[in-house]
Amino acid sequence: MNIVITKLGISVTNSDGVGSFQPTNDSESSSCYYRLIDSEEPKACAWLNKLGSFLTNWLKDNGNYKTNKVKEKLLAFPTGYYLYEYRKLNIDGTVRSDTYLYGAHRFRSPSEFSPHLKWLVTKEPSSFLNLPVQNQASRTKMAKYAEYRTGEIVWVNLLKANEPRKVAPDVDKVKFTIKLVVINIEVNLRRTGMLPWKAYDPKISDSLFERVIEANQTEPRIIIIETNIQEYVRAVHRAKEAALTYSPMKSFSVSEKSVTYQHFEALMYGAEVIRAGDLVRLIPEDTEDKEVEPEYPEFLEIGTIFKNPEKGIQLTGNILQRGKLLNKTGPLKLEDYKWWISHDLNEEFTIDLEDVAGRFYLMMPHLTIRTKANIFKNVNDRMSIIESGSDMEKLKSIPVTPIVSVIPAKRTLAKLSTRIDNSDSSPSVKKQKRYIVQFPKKRPVKIIKKEKFKTKPDVE
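Set out below in structure tokens:
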């Protein structure tokens, strides 16, 4: 335990706040500014008393420490942590005041800082530059974090397909084999020619899709829809429908306290594949704005994926928060960010699947778009949507043959079609010739002279 208990109170001897960012006090030239709060001020004392009370109760339950009411106080914040008051002058002349604790990260209240304080007390002193994990041997190595997996739906840049390119010796020469939806053509791409499905949202209305799948050469149409546009619309619609589903994979049973739960090695969630050891983005609790990323976004380091008989698919693991970027040079890695566990190392959180926003991508670390996959499909049914068509396509029962133009040919051309009977009783090849309808020969036009009518004078 990284604490010292005296007659005056509790001191924490471990910290990750040394050399951390601190806001600038600019009260003379700004209507919005930070003010450093002295440790003797009432606000600082209130924070220290609450944190001391929290530590006392936790130590009684976990550390067998005996304290009395006089000692239920944190004597000072950990080294490198300072309390600030953020003051903002409103238009009406009133002043809004908020209190923040700055150190390795920013905390808005004693209750928000308490889990991190508990972690500082129990964690071995270190630089805290790496992601803290309990069992690194069983985890996926950070540097080998897979960006794309087999079975995922991604966007591709076909201009970069199969192109030769020089790659630096220290860069992994990894190529992905991509099967294009609808046209079923395989291409080879590096990750620079790919994007996660959630990185782009095409605006294709259902009405346009219905017009595409109902297009038929024998029906009159006003608009010409080129083949590649039709295939694109179909592919996007299939991908969107598959992205609304989730499919557990590779199940096995685990007995816990006389109850057997069905566990899974991986899960197709929307357009992505997630598995144990992954970092997944969690939906923020305090905001509904999908475009705004919290200052310290939360993630779940997945330990297990299982099915709760009452609540459906759930995930367990550590809740992590991401801090500032420490290393801005070279290819981005997970350890280039500052991370910390927001709860006790002996605790494990259980998260409902609907609270998972999606995978964390190093190439797009600030992605905020959320996955909404609440339709269960087994893996084969999910793949059938992508390979054979969406439900709407199947209901319409329209062939998926490409249509160069939806403007029909003139009806008169139908009379000039070839009519050859290929049955067993068909006549010989020589006789078949008479069944072929030939174009009529051009006949000379006979000019008929019209009689000239004499006009009679009008009778008055």
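Under this note's numbering, the sequence shown has 20 at position 3, and the numbering climbs by one with no breaks.
Positions of the beta carbon are idealized from the N, C-alpha and C atoms, including for glycine.
Shown here for N335: same chain residues with a beta carbon closer than 6 Å to its own, the five before and five after excluded, namely E318, I358 in chain order. For R376, the enclosing beta strand (DSSP E) begins and ends at 373-376.
By the 16-neighbour rule on beta-carbons within 10 angstroms, M18 is exposed. About 15 Å separates the Cβ atoms of P132 and W64, ruling out a contact at the 8 Å cut-off.
The residue from K67, K192, I330 with its alpha-carbon nearest to that of I27 is K67. Segment contact: the segment 324-331 against the segment 368-387, three or more CB-CB distances shorter than 8 Å; contact assigned. For Y217, the closest of A288, I54, Y278, T262 by C-alpha to C-alpha distance is A288. Looking only at K135, W214, A121, the smallest Cα-Cα distance to E164 is reached by W214. For M211, the uninterrupted beta strand (DSSP E) segment begins and ends at 211-213. Rounded to the nearest angstrom, the Cβ distance from F377 to L296 is 4 Å, consistent with a contact under 8 Å.
Beta-bridge annotation (DSSP): R52 is paired with E102. Within the same chain, T277, Y278, Q279, H280 come within 8 Å of S270 by CB-CB distance, once the 5 residues on both sides are set aside.
In terms of CA proximity to T96, S32 leads the group K105, T23, S32, R52. Non-local beta-carbon contacts of F193 in its own chain, meaning distances under 8 Å to residues more than five positions away in sequence, involve Y165, N205, L206, R207, R208, M211 in chain order. DSSP places S359 in the coil class of the three-state scheme, outside both helix and strand. The shortest C-alpha to C-alpha distance from V171 to any of V290, N79, D109, D55 is the one to V290. Within a 10 Å sphere around the beta-carbon of H383 sit fewer than 16 other beta-carbons, which makes this residue exposed. Linking I392 to D398 through their CA atoms gives a straight-line distance of about 11 Å. DSSP, read as helix, strand or coil, puts Y165 in coil. Residue pairing for F281: DSSP places it in a beta bridge opposite S268, I322. Secondary structure note for R292: its beta strand (DSSP E) is the uninterrupted segment 289-292. Residue pairing by DSSP places E203 opposite K196 in a beta bridge. Secondary structure note for S114: its beta strand (DSSP E) is the uninterrupted segment 112-119. Contact between K389 and L261 holds: their C-beta atoms lie close to 7 Å from each other, under 8 Å.
For D78, the enclosing alpha helix (DSSP H) begins and ends at 59-79. Taking all protein chains in view, the Cβ of E410 is crowded by 16 or more other Cβ atoms within 10 Å, so the residue is classified as buried.
Residues R123 of the same chain have their beta carbon placed closer than 7 Å to that of E312, with the five preceding and five following residues left out of the count.
With 16 or more other CB atoms across the displayed protein chains lying within 10 angstroms of its CB, I54 is buried.
Under the three-state reduction of DSSP, M381 is assigned to strand. Non-local C-beta neighbours of L92 in its own chain, meaning closer than 7 Å and more than five positions away in sequence, comprise L25, G26, I27, S28, ordered along the chain. Around the C-beta of R255, 16 or more other C-beta atoms lie within 10 Å, and the residue is accordingly described as buried. Short of 8 Å from the beta carbon of K60, and not among the five residues preceding or following it, lie these beta carbons of its own chain, in chain order: I54, L100, E102, T116.
Rounded to the nearest whole angstrom, the CA to CA distance from E302 to A374 is 12 Å.
For N397, the enclosing alpha helix (DSSP H) starts and ends at 396-405. With fewer than 16 other CB atoms across the displayed protein chains lying within 10 angstroms of its CB, R113 is exposed.
Within 10 angstroms of the beta-carbon of T346 lie fewer than 16 other beta-carbons, which makes it exposed.
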